[in-house]
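Engineer: Each residue of the sequence shown is one higher than the one before, starting from 23 at the first, in my numbering.
For glycine and all other residues, C-beta sits at the position ideal for the given N, C-alpha and C.
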Amino acid sequence: MNRYVFAHALKITAPVFFGYIAIGIGFGMLLANAGYPWWLAVLSGVVMYTGSGQYFIVGQLASGASFAEIILVQFLLSIRHVFYGLSLISKYKNAGGKKPYLIFAITDETFALVQGIEVPPRVNKISFYAVVSALDQSYWCLGSLIGAVAYTVMNRYGLGKFLTGVDFALTSLFIVLLIEQLKSSKDCVPALAGGLAAVFSVVLYKTGVFGSSNIIWFSICAALGVMLLARGPSFFAKEKILSNSKSEKLA
Numbered sequence: 023m024n025r026y027v028f029a030h031a032l033k034i035t036a037p038v039f040f041g042y043i044a045i046g047i048g049f050g051m052l053l054a055n056a057g058y059p060w061w062l063a064v065l066s067g068v069v070m071y072t073g074s075g076q077y078f079i080v081g082q083l084a085s086g087a088s089f090a091e092i093i094l095v096q097f098l099l100s101i102r103h104v105f106y107g108l109s110l111i112s113k114y115k116n117a118g119g120k121k122p123y124l125i126f127a128i129t130d131e132t133f134a135l136v137q138g139i140e141v142p143p144r145v146n147k148i149s150f151y152a153v154v155s156a157l158d159q160s161y162w163c164l165g166s167l168i169g170a171v172a173y174t175v176m177n178r179y180g181l182g183k184f185l186t187g188v189d190f191a192l193t194s195l196f197i198v199l200l201i202e203q204l205k206s207s208k209d210c211v212p213a214l215a216g217g218l219a220a221v222f223s224v225v226l227y228k229t230g231v232f233g234s235s236n237i238i239w240f241s242i243c244a245a246l247g248v249m250l251l252a253r254g255p256s257f258f259a260k261e262k263i264l265s266n267s268k269s270e271k272l273a
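1. For the stretch 161 to 178 and the stretch 57 to 67, state whether three or more C-beta atom pairs, one from each stretch, are separated by less than 8 angstroms.
2. Examine the Cβ distances between the stretch 124 to 135 and the stretch 33 to 43 and report whether three or more of them are shorter than 8 angstroms.
3. Entirely within the stretch 112 to 194 and at least 4 residues each: give me those alpha helix (DSSP H) ranges in chain order.
4. Could you tell me the distance, in whole angstroms, from the CA atom of S166 to the CA atom of L65?
5. How would you write the range of the alpha helix (DSSP H) that G75 sits in, first residue to last?
6. Whole angstroms are fine: how far does the CA of I148 sit from the CA of N116?
7. Can you tell me which of the three DSSP states A87 falls into?
8. Can you grab the Cα-Cα spacing for the pair A245 / L99, in whole Å?
9. Near A213, which residues of its chain fall below 7 angstroms by C-beta distance, leaving aside the five closest residues on each side in sequence?
10. Using alpha carbons as the reference points, say which of Y151, I93, V104 and Q137 lies closest to K121.
11. Is the separation between the beta-carbon of L226 and that of F240 shorter than 8 angstroms?
12. If we count the other Cβ atoms within 10 Å of its Cβ and call it buried at 16 or more, is D158 buried or exposed?
13. Drop a sphere of 10 angstroms on the beta-carbon of Q137, count the other beta-carbons inside from all chains shown, and report buried for 16 or more, exposed for fewer.
14. According to DSSP, simplified to helix, strand and coil, what is Y227?
15. Whose CA, out of Y26, A56, G50 and F40, lies closest to the CA of S85?
16. Using the three-state DSSP reduction, which class does L19 fall into: helix, strand or coil?
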């Protein structure tokens, strides 16, 4: 890798740098606030690297969630990556030994960059994509390190009173993501379904119907049920219209 390729990749990933540093700091602080060592923030960014999934797993571990719950929630949070991968099949077709890492390093931001960037002339595309992916991951790890170390140092010197509310970072992150999703899709039904299912699950937990370990399971099932009731009939109606139109064309 020459300096030109690295400099060009740095320029392209600059917006991701500022975003990942800011969000990574929040994650590092959240992890340290939960009582985990600072180096675990970097390690999780190296071996896990899922962004919102890393935020969420801190709360899951702190609440004593079961392994099955962790797997289910992480799968639902990251299921969109399946579609990212399908969209990048042609770009990563001849990636060779770099393909496993390129697949592992797919995030929302990296996907957007790879889909939209123009690779410099006479530069190997796969190598360039790998550099972009590695830079994005390094930004996340750096931000996580800064946040975890800063929280650990401040807490050690009795400055913990200025760090109250760090555990609200996960909630804030998902509120921002929800707002952005509503702006882009203009569809509030999934958000309402999830919110009502969560409230209903908490009410059932408070009344002693089931334990706290079942809140996530019940919320997911309830939200899916509401979505099936809300969208099921319209979905089948659309499928019927499509099938009728196809049969008319064949006739």
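Structural biologist: Considering the structure as presented:
1. Contact between the stretch 161 to 178 and the stretch 57 to 67 is present, with at least three C-beta pairs closer than 8 angstroms.
2. Enough Cβ pairs lie closer than 8 angstroms, so yes.
3. 121 to 126, 130 to 138 and 147 to 178
4. As a first step, residue 166 is located in the sequence shown; it is residue number 144 there, counting from the start. As a first step, residue 65 is located in the sequence shown; it is residue number 43 there, counting from the start. Computed Cα separation, rounded: 10 angstroms.
5. Start at 1 with the first residue of the sequence shown, and residue 75 comes out as number 53. G75 -> alpha helix (DSSP H) spans S74 to A84.
6. Translated into positions along the sequence shown, residue 116 becomes position 94. Translated into positions along the sequence shown, residue 148 becomes position 126. Taking the straight line from one Cα to the other gives about 8 angstroms.
7. What you label residue 87 is simply residue 65 of the sequence shown in a count that begins at 1. Coil, per DSSP.
8. Along the sequence shown, one-based indexing puts residue 245 at 223. Along the sequence shown, one-based indexing puts residue 99 at 77. Between A245 and L99, the C-alpha separation is close to 15 angstroms.
9. Taking the sequence shown and counting its residues from 1, one reaches residue 213 at position 191. In the same chain as A213, and ignoring 5 residues on each side of it, the C-beta atoms closer than 7 angstroms to its own belong to L200 and L204, in chain order.
10. As a working mapping, residue 121 is identified with position 99 in the sequence shown. It is Y151 whose Cα lies nearest to the Cα of K121.
11. Start at 1 with the first residue of the sequence shown, and residue 226 comes out as number 204. Start at 1 with the first residue of the sequence shown, and residue 240 comes out as number 218. Yes, they are a contact pair.
12. As a first step, residue 158 is located in the sequence shown; it is residue number 136 there, counting from the start. Here D158 is buried. Its C-beta has 16 or more other C-beta atoms within 10 Å.
13. Translated into the one-based positions of the sequence shown, residue 137 becomes position 115. Exposed is the call here.
14. Locating residue 227 in the sequence shown gives position 205, where the first residue counts as 1. Reduced to three states, the DSSP call for Y227 is helix.
15. Taking the sequence shown and counting its residues from 1, one reaches residue 85 at position 63. Out of Y26, A56, G50 and F40, the CA that lies nearest to the CA of S85 is found in A56.
16. The question about residue 19 has no answer here: the residues shown for the chain are numbered 23 through 273.
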